[in-house]
Amino acid sequence: MQDTVVSCPRCGAKNRLKPDAGGRAPASGRAPACGKCRSPLPWVVDGTDIGFRRELEVPVPVLVDFWAEWCAPCRVTAPVLEEYAGELAGRLKLVRMNVDRNPATAGQFHVQSIPTMILFRDGRPVETMIGALSKNALRERLTPHVG
Ligand SMILES: [Zn+2]
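Its first residue numbered -10, the sequence shown is counted upward by one per residue in my numbering.
So this is what it looks like as structure tokens:
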């Protein structure tokens, strides 16, 4: 695994994030912050069945994207979710779950078709969205939960 370079949305500084459990955020449960200006960076990780519960133990809402490589609508949705996570840096964590590699978590939350996006607050699912979504639709569904 390689470090991921993320540009700070505020000052533009390049930040090198170390991979952790297949993701690209620190394991401390705290959102990554810019090394230069300290503003929050987009928090995006690739989750696993084994570490899934821990991904939810953070002080911000967690949006989980259940996807697969062969799923065309998933490929359309992925950049929308990343952009949204970038806009909500410091207020939202995005966890990507590949359902082929992590079938247990998908089964646990009864994911029957993908993409399925579930928003968790305090470890509990509060909103479920199925199928490709525009950013406006996503915002409409999630703003009541993430502010
Ligand atoms: Zn910065």
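For each residue, glycine too, the CB sits at the ideal point set by N, CA and C.
Below 6 Å from a heavy atom of ligand 1 - residues by beta-carbon: Answer in sequence order: -3, -1, 0, 2, 23, 25, 26 and 28.
Assigned secondary structure, residue 37 (DSSP; H/G/I helix, E/B strand, else coil): The answer is coil: DSSP assigns residue 37 none of H, G, I, E or B.
Any non-hydrogen atom of ligand 3 within 7 Å of residue 70 CB: This structure simply doesn't include ligand 3; it includes ligand 1 instead.
Residue nearest to residue 85 in terms of C-alpha spacing, selected from 67, 98 and 101: Cα-wise, what sits closest to residue 85 is 67.
Simplified DSSP assignment, three categories, for residue 3: If DSSP states are grouped into helix, strand and coil, residue 3 belongs with the strands.
Residue 49 beta carbon less than 8 Å from that of residue 70: Their beta carbons are not under 8 Å apart, which means residue 70 does not touch residue 49 by this criterion.
Residue 43 versus residue 113 - alpha carbon distance: Approximately 13 Å between the Cα atoms of the pair.
Span of the alpha helix (DSSP H) around residue 69: Residue 69 -> alpha helix (DSSP H) spans 61 to 76.
At least three beta-carbon pairs within less than 8 Å, the segment 53 to 62 to the segment 21 to 32: Result no; under three Cβ-Cβ pairs closer than 8 Å.
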